[in-house]
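In the working numbering, the protein residues as written are 0 to 125.
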């Protein structure tokens, strides 16, 4: 999944920020969906790679995810999903593993619950 997140990053549409992001999402059944960031001149309409991958998976009937790998730009530091993406991931389970990578292939892992300890979820609206 790390290599596929690097590969899909090449398809990023980021002509404004130049901040390429690739993402690979592992479903419970082993299916992998990829996503990349797609920017918009108005910025607010930009979609992150994580949400792109999740929306693709959901549109194909998948709702249960095990892990998500995020490859951001070409920085040597680990960077994690933005707050909006953390909330989006949490919608599908607090135990989902989130991997952040660096260009050399190294990674860090945490769960979405660790990254978003006080998420707003289904139990808050039902």
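Ideal Cβ positions, reconstructed from N, Cα and C, are used throughout, including at glycine. If you're wondering where the values come from, they're calculated on a predicted model, not measured in any experiment.
- Annotation: the continuous beta strand (DSSP E) that includes residue 65 extends over 64 to 71.
- Counting only the Cα atoms, residue 6 lies some 16 angstroms from residue 74.
- Excluding the 5 residues flanking it on each side, residue 38 has same chain C-beta neighbours closer than 7 angstroms at 12, 13, 14, 15, 16, 45, in chain order.
- Counting C-beta atoms within 10 angstroms of its own C-beta, residue 47 has 16 or more neighbours from the protein chains shown and is therefore classed as buried.
- CA-CA distance, residue 59 to residue 22, rounds to 17 angstroms.
- The alpha-carbon of residue 0 is positioned some 14 angstroms away from that of residue 71.
- In this structure, the CA atom of residue 121 is about 32 angstroms from the CA atom of residue 19.
- Under the rule that a run must span 3 or more residues, the beta strand (DSSP E) segments found entirely inside the region 28 to 57 read 31 to 35.
- DSSP places residue 96 in the strand class (E or B) of the three-state scheme.
- Following the DSSP letters along the chain, one finds residue 82 inside the alpha helix (DSSP H) bounded by residues 82 to 89.
- Rounded to the nearest whole angstrom, the C-alpha separation of residue 29 and residue 42 is 33 angstroms.
- A distance below 8 angstroms separates the beta carbons of residue 49 and residue 88.
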